[in-house]
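Data block below; observations after.
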Amino acid sequence: MIIKTKRNWVNEVMIGLFSILIWLFCIVVICFFFSALINNNSTYINLIKTSFKMTNVEIRDFLYTVFVIFIACYLGLWLWKYYNTKRFGPSMRRKYPQPTTEGELLGLGLIGKDDYDTLQNAKDITLEKNPIRDIVE
Numbered sequence: 003m004i005i006k007t008k009r010n011w012v013n014e015v016m017i018g019l020f021s022i023l024i025w026l027f028c029i030v031v032i033c034f035f036f037s038a039l040i041n042n043n044s045t046y047i048n049l050i051k052t053s054f055k056m057t058n059v060e061i062r063d064f065l066y067t068v069f070v071i072f073i074a075c076y077l078g079l080w081l082w083k084y085y086n087t088k089r090f091g092p093s094m095r096r097k098y099p100q101p102t103t104e105g106e107l108l109g110l111g112l113i114g115k116d117d118y119d120t121l122q123n124a125k126d127i128t129l130e131k132n133p134i135r136d137i138v139e
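Just so we're aligned: the sequence shown equals residues 3 to 139 in my numbering.
Pasting the structure below:
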């Protein structure tokens, strides 16, 4: 192993088990909704439907309602974008600033030239004190 960590193997096992549990829950939820859509009545999914006192029709109605709300939100946001485009024109993408130069950094007066050169050129740095000066107002 290239990277050595100090992680506890018990924690890693617990994280793995919890992850598997969450994935199984997601699969059950997907099967729950999909079986209602195709009107499939499997034994295990029916047990869940019975415990929630729901039928396939009620689940389908819920999914249709969620779909209608999603379409309404999507259309609302699309119309808002269309309105803003017509009112304010197409958006102009901002240009990212150029990389900061050495002169700009040293011009701030927060770090000395020798500290700056050390930070730029060293491959491994161990700082005894913070090279950045406090801002005095």
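C-beta atoms are modelled at their ideal positions from N, C-alpha and C, and glycine is treated no differently.
Kindly indicate which residue of the options has the alpha-carbon position closest to the one of residue i.
i   : options             : result
I50 : R62, W80, F35       : F35
D63 : L39, T128, L79      : L39
M94 : N86, P101, Q100     : N86
V31 : P101, V15, L65, V70 : L65
Less than 8 Å between the CB atoms is what I'm expecting for residue i and residue j, so what's the real figure, rounded?
i    : j    : result
I47  : C33  : 6 Å
L107 : I134 : Incorrect: roughly 11 Å between the Cβ atoms, too far for contact.
S37  : S44  : 6 Å
Y118 : E104 : 7 Å
N41  : N58  : 5 Å
Quick one: give me the first and last residue of the alpha helix (DSSP H) that residue i is part of.
i    : result
K51  : 45-53
N123 : 115-123
L112 : Looking at the DSSP string, L112 is not in any alpha helix (DSSP H), and its letter there is neither H nor E.
I73  : 58-90
N41  : Careful: N41 lies outside any alpha helix (DSSP H) and carries neither H nor E.
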